[in-house]
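Take a look at the structure below.
There are 2 protein chains.
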Amino acid sequence: MRADIITIGDEILIGQIIDTNSARIATLLGEVGISIRRKFSIGDRRDEILDAVGNSLELCDVTIITGGLGPTKDDITKKVLAELFGSKLIRDDETYHRVERMMAARGIEFNELNQSQALVPECCTVIPNLKGTAPGMWFERNGHVVISLPGVPFEMEALMVEEIIPRLKERFNLSAVVHRTAITFGMAESMLAAHIAEWEESLPTHLHLAYLPSPSQLRLRLSAYDVERETAEREIDEWFDQLLPLLGDHFVGWEDETVQSAVAKMLIERGETLAAAESCTGGTISAKFTAMSGASEYYWGGVVSYDNSVKENVLGVSRENLENYGAVSEQVARQMAEGVRRLCGTTYGISTTGIAGPTGGTPEKPVGTVWMAVATPDGTISKVVQHGKIRAVNIERAASAAINMLRLYLLHK
Amino acid sequence: MRADIITIGDEILIGQIIDTNSARIATLLGEVGISIRRKFSIGDRRDEILDAVGNSLELCDVTIITGGLGPTKDDITKKVLAELFGSKLIRDDETYHRVERMMAARGIEFNELNQSQALVPECCTVIPNLKGTAPGMWFERNGHVVISLPGVPFEMEALMVEEIIPRLKERFNLSAVVHRTAITFGMAESMLAAHIAEWEESLPTHLHLAYLPSPSQLRLRLSAYDVERETAEREIDEWFDQLLPLLGDHFVGWEDETVQSAVAKMLIERGETLAAAESCTGGTISAKFTAMSGASEYYWGGVVSYDNSVKENVLGVSRENLENYGAVSEQVARQMAEGVRRLCGTTYGISTTGIAGPTGGTPEKPVGTVWMAVATPDGTISKVVQHGKIRAVNIERAASAAINMLRLYLLHK
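Which chain is which? The protein sequence lines are A and B, in order. Residue numbering for the first sequence follows our numbering, starting at 4 and increasing by one per position. Residue numbering for the second sequence follows our numbering, starting at 4 and increasing by one per position.
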């Protein structure tokens, strides 16, 4: 089972809005075993729509189209689909009266433009859209299904989840697709690939491995297509069981896990608390924890000690250390972590101090040098990392590395 | 001039990541007058890549490809492009030595996989990627240009801005496109549109107005296509001259300006300093300032007082206020701003305390309620804002609103 996703609309094409619909649709289709052949984004132009939908009809089982269903002149999807399927536009009474009621409820005139929302190609099955004016439409030709949905994300989402997915499951005898993703931290893509090469090479050909890197983690995804779900899940689990010993402490968790969510779980479980003292990461560690709902249970706060006076006066870093070793030093990182732990009265304190760049580097401490420390009830540990030249990436990497340092400590405590 | 954008990679196709690259590329191409015919997303599969790139080569002047250039086995873009252009992979010495140096600097082994990043099709022009290991590649056939870029967003961005756009301008005789963007804050799109409707309706048809909203600002862009540059620039300036009085204090600046960069300029000019006390924004205000290089000149730091104990013990918020009015209150916001100003010894202190959601709301203080304050040498001002239900959006909006409150104070001082 293969599907294409076609988004129609100049606003996506020219980059004015980012297309989130197609990722959501792909995820929903993937969950029921329909794999995606292609996504297309095209403008509101007759020839482009005819070409893209016609091509997809030939090569795929299912084509999902979003967008181009608004009441204004530039939205022509319906007309072009009627042409493609040799049909004419007729009024769908149910839609007409629903839109009429919606307009009345919102005090908007039920004018010609709004009335036109009830026009649909005669040959399609209308799928009622309870959240908006443009209905979904289901077309079939020679066993191929073409579905047209409104582009408004929450209207599309409701139609996909409540109508389209159940109908597709019923219409086709769907085989399963299984994905599982392991989150890792601390090993670069090339090193990890070399480290697990033997395991990767022994994977059966029907299991597909993908490396998905970002500055804050490296994800490893195993996928199986066209399979019996339970068998494939068991098989993927077995292969990951073999992989985990190779990953060791680099393994953070499954699916949406992050270093900060892994730390959060351990702290909550143990009833322990955390505060952060940040120089070069400038609040990013705090923002990562507090972005998660429920952070108040274990994350008490922190100090952004960007200026040395704040390191000294708020965190109690000694002037001697600042003068003798510089702000970017092991001594200062340790005093920052210890200072914020004491100040906030938490179980742990973590810290970062480094040179985010692009300026400020020296031969001894080039841009990307970051000292970090974790203060614990049993003493303080510290390390230095060396990243690259790009400020935003250095900040992201250093924040994740400091959180990971605490994760490793908690794992082994 | 027409271009296709092709993103390669299973992670986009299956919906695991949202494609932001193609919107960015479309925007950059649009700015130099290249319109987009189609965007494609395809998987890491030879036949799909050959088909999509081959089709684009026939129908477009320019094809931009991103992704599929990693060192691991699932990334096959290079091999397939070599096949399509009837070329073989050879080692590019400059890339080889650059990657070697990058790995050495980060302490990563320069193994076979990393070395393979220097292999490129013999027929292409290599475009050095100074931010990552995979170089850009420029192919030509019968006057058509195909460009392959890494999928990592900041690597793609740097290559597009610094190399590809200048080379495309030189290679093709591009007609001029003129854009100018005014940054505004504090007025919703629909309200602003109503407020400036008369001005908008009197715009000549060859000037195109776009509203570009985000949680942290609303941008207004005026564009002119296929024009004589200097005339168009003068004309756009004149129309904006008429608009600015209508925008009033909502006008923040031009192009890449943000509320924080506008505040930064004013503080640097006056030799003044700032610290932030953040509860619900959890470090985001600090992260916004410290994301800008040179922040140490005026941004001294801050306190993330997520737990009430930190508000009390570090910032000096009184227990009476916390108990009588709650943490989300005008009294606490004011004491937080005053406390962080005193603690850090800065000219100004700003604060936020609110309910980011999705839980924690009450009938009197629903999710999205945020109190904020600015402490100054002449006293403290405070206000409350009411945002929506989505945690990440509330955090972003509240951080920008607090910074904007300081911006307005500085404007009128």
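For every residue, glycine included, the Cβ atom is placed at its ideal position computed from N, Cα and C. In this text, all values refer to a predicted model and were calculated from it rather than measured experimentally.
Membership of residue 175 of chain A in any alpha helix (DSSP H) is not indicated, and neither H nor E is assigned to it by DSSP.
For the region 334-353 of chain A, the set of residues with a beta-carbon nearer than 9 Å to any beta-carbon of chain B comprises 346, 347, 348 and 349, in chain order. Interface residue (Cβ-Cβ distance to chain A less than 9 Å): residue 237 of chain B is not classified as such. In the three-state reduction of the DSSP assignment, residue 307 of chain B falls in the strand class. Minimum Cα-Cα distance from residue 402 of chain A among the listed residues A:55, A:193 and A:286 corresponds to A:286. In terms of beta-carbon proximity, residue 61 of chain B stays away from the interface with chain A, with every pair separated by 9 Å or more. The beta carbon of residue 230 of chain B sits no closer than 9 Å to any beta carbon of chain A.
Your pair residue 74 of chain B and residue 97 of chain B does not check out as a contact, with CB atoms roughly 17 Å apart and the cut at 8 Å. Taking the Cα of residue 252 of chain B as reference, the smallest distance to any Cα among B:218, B:195, B:387 and B:72 is reached at B:195. Annotation: Cβ neighbours of residue 197 of chain A in chain B (cutoff 8 Å, chain order): 112, 114, 115 and 116. The shortest CA-to-CA distance from residue 349 of chain A to any of A:304, A:368 and A:212 is the one to A:304. For residue 256 of chain A, the closest alpha carbon among the candidates A:124, A:188, A:159 and A:145 is that of A:188.
When the beta-carbon positions are compared, residue 55 of chain B and residue 94 of chain B stay at least 9 Å from each other. Residue 39 of chain B has its alpha-carbon roughly 13 Å from the corresponding atom of residue 11 of chain A. Residue-level contact by beta carbon holds for residue 22 of chain A and chain B, with a gap shorter than 9 Å. Within the region 356-383 of chain B, the residues whose Cβ lies closer than 7 Å to some Cβ of chain A are 361 and 362, listed in chain order. Two segments are said to touch when three or more pairs of C-beta atoms, one from each, lie closer than 8 Å; by this definition the region 340-354 of chain B touches the region 313-321 of chain B.
Assignment of residue 157 of chain A by DSSP, reduced to helix, strand and coil, places it in the helix class.
If you draw a straight line from the Cα of residue 397 of chain A to the Cα of residue 165 of chain B, it is about 21 Å long. Taking 7 Å as the cut-off between beta carbons, the residues of the region 124-146 of chain B near chain A are 134, in sequence order. Counting along the chain, residue 214 of chain A sits inside the beta strand (DSSP E) bounded by residues 210-217. In the displayed model, residue 334 of chain B falls within a helix according to three-state DSSP. Comparing alpha-carbon positions, the option among A:123, A:168, A:322 and A:50 lying closest to residue 66 of chain A turns out to be A:168.
Not one beta carbon of chain A lies nearer than 9 Å to the beta carbon of residue 332 of chain B.
C-alpha of residue 4 of chain B to C-alpha of residue 118 of chain B: approximately 37 Å in a straight line. Two segments are said to touch when three or more pairs of C-beta atoms, one from each, lie closer than 8 Å; by this definition the region 26-35 of chain A touches the region 153-163 of chain A. If the five residues before and after residue 213 of chain B are omitted, its C-beta is found closer than 6 Å to the C-beta atoms of 224, all from its own chain and listed in chain order. Contact check for residue 277 of chain B and residue 309 of chain B: beta-carbon distance about 20 Å, past the 8 Å limit, so the pair fails to qualify. Among the CB atoms of chain B, none fall inside 9 Å of the CB of residue 172 of chain A. Interface annotation, residue 31 of chain A: in contact with chain B, CB-CB separation under 9 Å. Within the region 258-299 of chain A, the complete alpha helix (DSSP H) segments of 4 residues or longer fall at 262-273 and 287-293, listed in chain order.
In the structure shown, residue 182 of chain A adopts extended strand secondary structure according to DSSP, grouped into three states. Excluding its 5 nearest sequence neighbours in each direction, residue 325 of chain B has C-beta neighbours in its own chain below 8 Å: 311, 314, 315 and 335, listed in chain order. Residue nearest to residue 198 of chain A within the set A:222, A:211 and A:250 is A:250 (criterion: CA-CA distance).
Restricting attention to beta strand (DSSP E) runs no shorter than 3 residues, the region 339-413 of chain A encloses them at 351-357, 372-379 and 382-389, ordered along the chain. Between residue 22 of chain B and residue 22 of chain A, the alpha-carbon positions lie close to 7 Å from each other.
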